[in-house]
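K.L.:
Have a look at this one before I ask anything.
Protein chains: 2
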Amino acid sequence: MATRLRVGVIGIDHNHIYGMLNGLRNAGAECVGWATGPETPEKLCQVFRESYPDTPQKSAQALLEDDSIGLILSAAVNSDRSGIAIAAMRHGKDVLVDKPGCTTQTQLAEIKQAVADTGRRWTVCFSERLDVDCVTLADRLITEGRIGKVVQTVGLGPHRRNSHLRPDWFWDRNRYGGILTDICAHQFDQFLHFTGSTEARVVSAHIGNVANPDRPDFQDFGEVLLEGNGGRGYARVDWLTPDGLPTWGDGRMTILGTEGYLELRKYIDISGRPGTDHVFLADRSGVEHFDARGAGKPFFSRLISDRENGTETAMRQAHAFLATELALQAQALAEGNL
Amino acid sequence: MATRLRVGVIGIDHNHIYGMLNGLRNAGAECVGWATGPETPEKLCQVFRESYPDTPQKSAQALLEDDSIGLILSAAVNSDRSGIAIAAMRHGKDVLVDKPGCTTQTQLAEIKQAVADTGRRWTVCFSERLDVDCVTLADRLITEGRIGKVVQTVGLGPHRRNSHLRPDWFWDRNRYGGILTDICAHQFDQFLHFTGSTEARVVSAHIGNVANPDRPDFQDFGEVLLEGNGGRGYARVDWLTPDGLPTWGDGRMTILGTEGYLELRKYIDISGRPGTDHVFLADRSGVEHFDARGAGKPFFSRLISDRENGTETAMRQAHAFLATELALQAQALAEGNL
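Protein chains in written order, with the numbering used here: chain A, 1 to 338; chain S, 1001 to 1338.
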């Protein structure tokens, strides 16, 4: 029997760390310690401590030098993630990093170099796909051929701004990376995944500030048009979720196939059925609603299994690179720097 | 009291003529005669005769020369509509034409010239907005300020192909005009309307054939990205409605505002509530579903009233021109002719 995977956490600035760590723990991994950066608010440390009282806080260096650790997780501030990931790989560890995996083309080049030099793996946890039950069900329906060949995706990714809860880096373009790099990262991932594209380009990209005149540098709206060798994609993201919505965002994914389509209402079926993870299908024989709760999140056990077996079932390295590359290209294009 | 508006019909090749004529009759107009082209199948004439047994069939020329007629309606073959419209205007009549109002830039220029020369009005019946109750309710909610300022629209316009029922011209690019000119016409109209844009440009446009390899010239997929002086828009149209959907298309319109959003599920709430005309609202105070059936279609009575009062409440002439211009530009861009 394989040894239990030991993981370490470096960076807890985004609460995605809980989805990442819980996913891996549920899949059998053991967390042997956690560390954070100098800026992380004590409040966040306290919540983490209370969530995992048996996991000791350590220095990042101690975790990097612990040879029993096979995988480092990080949800540090966006712009700090690549440094942590590269250090981890150069210490012989694989990496699972919150999205965005990095915020600049230079960082991405350095990450690619570190992967090439070390043979380690750099995986990005695109939680809006990998930590969502209804995507698992959608994958199954697509594999069964229910909608024919996928030809296009339309992703809507609204988010609640929650200004009063946000740290300084949330408002700093260079630290969060811009809206297309940051919350749109999920959309590039889903587009590539559902269309099965291994090559893709950004056709058009746009950012805007439509509702936050008091923060002129903030990007509260973004959209991209994509073309891949497996299909096309459009995505819109924003920070405009109204206060009356009972969750943080009405995340939707419409997957158009040659013989039917799927609509995922991930977090809410607005003024409809209760709960999360709604999948709607129309195909040649009818329409159907699926409650996908409990469909599972196989990403985490696949990630562990890939380490043991040398396989690439959780996420191809090339996919993590391409999704990130598209995000950085779109951001640059929208900002007029491409 | 104003005299009852007398209308004539020239061209019944698309069944949109029924929505147009019924809308005007319900608003008080009287149809004094109908004519069709030489190619119109006898089957269509028979259905029209049975629908309006008291309305005499006449020659197009007789209708054009009937001075008692104030408005000519046409749902002739797409590429034939401009000729009919121009003849009607040059005979002193206003025109209400099915979408697309024309299929080439030359036709549009000729129409504009006829409007300028005659002072008559050329209105396009974009039925996916003007003949839909839930749009009327959406307009009211937007006017009440429920979603703040509209910043973007996302329109999905899938249609059922129904190959076995289609006439030859349906498959002829030059006669139907291409998918962006034809079924996407509705989307340009809705984008301009909901964002309140009076100037706009096509940012990107694409057409494809993804599911009809036996008809290589057919366009079964199209998408456009739009930018206007009142907001942005994305639209996708296709001929891929699966047979299992209980209606011809799951037409959706998502209207994003600075303080909330609306989703219109026009013809079906897939695997949800029964009936048509569903409006979903999320704003600062909550989420809400509206059954918009019965909200009305004020376009038709406004069109009549505009003729009487010299107003432009049904559709500004500039709007009909701009929506058509965008469609033709998008089609040319997608076909590599721009």
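Where is the CB? At the ideal position from N, CA and C, for every residue including glycine.
This structure is a prediction, so every number in the text was calculated from the model and none was measured.
Just reading off the beta strand (DSSP E) that A/H289 is part of, what are its end residues?
P.N.:
Taking the first residue of the first sequence as 1, we reach residue 289 of chain A at position 289. Its beta strand (DSSP E) spans residues G286 to D291.
K.L.:
Return the bridge partner residues of S/G1257 from the DSSP annotation.
P.N.:
What you label residue 1257 of chain S is simply residue 257 of the second sequence in a count that begins at 1. The partner list for S/G1257 (beta bridge, DSSP) reads S/V1150 and S/G1260.
K.L.:
If you draw a straight line from the C-alpha of A/G294 to the C-alpha of S/G1231, how long is it?
P.N.:
For the purposes of this step, residue 294 of chain A is taken as residue 294 along the first sequence, with counting starting at 1. For the purposes of this step, residue 1231 of chain S is taken as residue 231 along the second sequence, with counting starting at 1. Those two C-alpha atoms are separated by around 40 Å.
K.L.:
Counting only beta-carbon atoms, is A/S271 nearer than 7 Å to chain S?
P.N.:
For the purposes of this step, residue 271 of chain A is taken as the residue at position 271 of the first sequence. Closer than 7 Å to some Cβ of chain S, the Cβ of A/S271 qualifies, so yes.
K.L.:
Establish whether the CB of A/H300 and some CB of chain S are separated by less than 7 Å.
P.N.:
Residue mapping note: residue 300 of chain A aligns to position 300 of the first sequence, counting from 1. Sequence inspection shows Phe at residue 300 of chain A; the His mentioned does not correspond to that position. Chain S contact via Cβ: absent.
K.L.:
Tell me, to the nearest whole angstrom, how far the beta carbon of A/V95 is from that of A/I69; I am working on the premise that it is less than 8 Å.
P.N.:
Taking the first residue of the first sequence as 1, we reach residue 95 of chain A at position 95. Taking the first residue of the first sequence as 1, we reach residue 69 of chain A at position 69. Not confirmed; about 11 Å, so no contact.
K.L.:
Looking only at DSSP bridge pairs, what is A/R6 linked to?
P.N.:
Taking the first residue of the first sequence as 1, we reach residue 6 of chain A at position 6. BP columns for A/R6 point to A/E30.
K.L.:
At a CB distance below 8 Å, what residues from the stretch 1051-1075 of chain S approach chain A? Give them in sequence order.
P.N.:
Answer set for the stretch 1051-1075 of chain S: empty.
K.L.:
Distance cutoff 7 Å, beta carbons only. Does A/A282 sit that close to anything in chain S?
P.N.:
Within the first sequence, residue 282 of chain A is the residue found at index 282, counting from 1. So, interface residue.
K.L.:
Can you check which of these residues, A/A318, A/L333, A/A334 and A/A327, is closest to A/R121 by C-alpha distance?
P.N.:
For the purposes of this step, residue 121 of chain A is taken as the residue at position 121 of the first sequence. For A/R121, the nearest C-alpha among the options comes from A/A318.
K.L.:
Please list the partners that A/T254 has in chain S, where partner means a Cβ-to-Cβ separation under 8 Å.
P.N.:
Looking up residue 254 of chain A in the first sequence gives position 254. L1156, listed in chain order.
K.L.:
Alpha carbon to alpha carbon, how far is A/S59 from A/V124?
P.N.:
By one-based count along the first sequence, residue 59 of chain A stands at place 59. By one-based count along the first sequence, residue 124 of chain A stands at place 124. So the alpha carbons of these two residues sit roughly 23 Å apart.
K.L.:
Helix, strand or coil: how does DSSP classify A/S59 here?
P.N.:
Position 59 of the first sequence, counted from the start, is the residue given in the question as residue 59 of chain A. In the structure shown, A/S59 sits in coil (DSSP, three-state: anything other than H, G, I, E or B).
K.L.:
Between which two residues does the beta strand (DSSP E) holding S/Y1234 run?
P.N.:
Counting from 1 along the second sequence, the entry for residue 1234 of chain S is found at position 234. That run of the beta strand (DSSP E) goes G1231 to D1238.
K.L.:
Select from the stretch 1076-1109 of chain S all residues with a C-beta closer than 8 Å to any C-beta belonging to chain A, and list them in chain order.
P.N.:
Those residues of the stretch 1076-1109 of chain S that come within reach of chain A (Cβ to Cβ, closer than 8 Å) do not exist; the list is empty.
K.L.:
When the Cα atoms are used, what is the spatial distance from A/R201 to S/A1334?
P.N.:
Mapped onto the first sequence, residue 201 of chain A falls at position 201. Mapped onto the second sequence, residue 1334 of chain S falls at position 334. Distance between the alpha carbons of A/R201 and S/A1334: 17 Å.
K.L.:
Would the beta-carbon of A/G8 be found less than 6 Å away from any heavy atom of the ligand SAM?
P.N.:
In terms of ligand content, the structure shown is empty, and the ligand SAM therefore cannot be addressed.
K.L.:
Determine, for A/M1, whether the minimum Cβ-Cβ distance to residues of chain S falls below 7 Å.
P.N.:
Translated into positions along the first sequence, residue 1 of chain A becomes position 1. Summary for A/M1: the model assigns pLDDT 47, below 50, so the residue's position carries little reliability, and this model does not support an answer.
K.L.:
Since A/V210 and S/V1203 are thought to touch, with beta carbons under 8 Å apart, how far apart are those beta carbons, to the nearest angstrom?
P.N.:
The count along the first sequence starts at 1 and reaches residue 210 of chain A at position 210. The count along the second sequence starts at 1 and reaches residue 1203 of chain S at position 203. Their Cβ separation, rounded to whole angstroms, is 16 Å, which puts A/V210 and S/V1203 out of contact at 8 Å.
K.L.:
Just mark A/A185 as buried or exposed, buried being the case when its beta carbon has 16 or more other beta carbons within 10 Å.
P.N.:
Along the first sequence, one-based indexing puts residue 185 of chain A at 185. Label assigned to A/A185: buried.
K.L.:
Using a 10 Å radius around the Cβ and a threshold of 16 neighbouring Cβ atoms, would you call A/M1 buried or exposed?
P.N.:
Indexing the first sequence from 1 puts residue 1 of chain A at position 1. At A/M1, the pLDDT of 47 sits below 50, so the modelled position is not reliable; the number obtained from the coordinates is stated separately. Exposed, by the Cβ-count rule.
K.L.:
Please check if any C-beta of chain S sits within less than 7 Å of the C-beta of A/L343.
P.N.:
Because residue 343 of chain A is not part of the residues shown, which for chain A are 1 to 338, the question remains open.
K.L.:
DSSP on A/E368, reduced to helix/strand/coil?
P.N.:
The structure shown does not extend to residue 368 of chain A, since chain A is modelled only from 1 through 338, so no value can be given for it.
K.L.:
Less than 7 Å between C-beta atoms, sequence neighbours within five positions excluded: which residues of the same chain meet that for S/R1025?
P.N.:
Looking up residue 1025 of chain S in the second sequence gives position 25. The residues are C1031.
K.L.:
With a floor of 4 residues, list each alpha helix (DSSP H) that falls wholly inside the stretch 64-120 of chain A, ordered by position along the chain.
P.N.:
Correct list: 81-90 and 105-118.
K.L.:
Any idea which residues DSSP pairs S/R1265 with across the strands?
P.N.:
Against the second sequence, residue 1265 of chain S aligns to sequence position 265. In DSSP, S/R1265 forms a bridge with S/R1252 and S/H1278.
K.L.:
Opposite A/E335 in the DSSP bridges: which residues?
P.N.:
Here residue 335 of chain A corresponds to residue number 335 of the first sequence, with the count starting at 1. Paired residue(s): none; A/E335 is not in a bridge.
K.L.:
Once DSSP output is grouped into helix, strand and coil, what is the label at S/E1128?
P.N.:
Walking along the second sequence from the start, residue 1128 of chain S turns up at place 128. S/E1128 falls in the helix class under three-state DSSP.
K.L.:
Is DSSP giving S/A1200 helix, strand or coil here?
P.N.:
As a position in the second sequence, residue 1200 of chain S is number 200, starting the count at 1. Correct three-state label for S/A1200: strand.
K.L.:
Take A/R302 and list the residues in its own chain whose beta-carbon comes closer than 6 Å to its own, dropping the five residues that flank it on each side.
P.N.:
Here residue 302 of chain A is taken as the residue at index 302 of the first sequence, counted from 1. So the list reads T313 and A314, once near-sequence residues are dropped.
K.L.:
Three or more beta-carbon pairs under 8 Å between the stretch 1178-1197 of chain S and the stretch 1324-1338 of chain S, yes or no?
P.N.:
These segments touch.
K.L.:
To which residues of the same chain is A/H91 closer than 6 Å at the C-beta, ignoring the five residues directly before and after it?
P.N.:
Within the first sequence, numbered from 1, the residue matching residue 91 of chain A stands at position 91. If we look at A/H91 and ignore the five residues flanking it on each side, its Cβ neighbours are L64.
K.L.:
Taking the beta carbon of A/E128 as the centre, do at least 16 other beta carbons fall within 10 Å, making it buried, or is it exposed?
P.N.:
Here the question's residue 128 of chain A lines up with position 128 in the first sequence. Counting Cβ neighbours within 10 Å, A/E128 comes out buried, since at least 16 surround it.
K.L.:
Output needed for S/D1080: all residues of its chain with C-beta closer than 7 Å, excluding positions within five of it in sequence on either side, in chain order.
P.N.:
As a first step, residue 1080 of chain S must be located in the second sequence, where it is residue number 80. Closer than 7 Å at the Cβ level, and outside the excluded window around S/D1080, lie G1011 and G1037.
K.L.:
Buried or exposed: which applies to S/S1051, given that a residue is buried once 16 or more other Cβ atoms fall within 10 Å of its Cβ?
P.N.:
Within the second sequence, numbered from 1, the residue matching residue 1051 of chain S stands at position 51. Burial call: exposed.
K.L.:
Which residues in chain A sit within 7 Å of S/Y1267, going by Cβ to Cβ distance?
P.N.:
Stepping through the second sequence from its first residue, residue 1267 of chain S is reached at position 267. Those do not exist, as S/Y1267 stays about 12 Å from chain A at its closest Cβ, beyond 7 Å.
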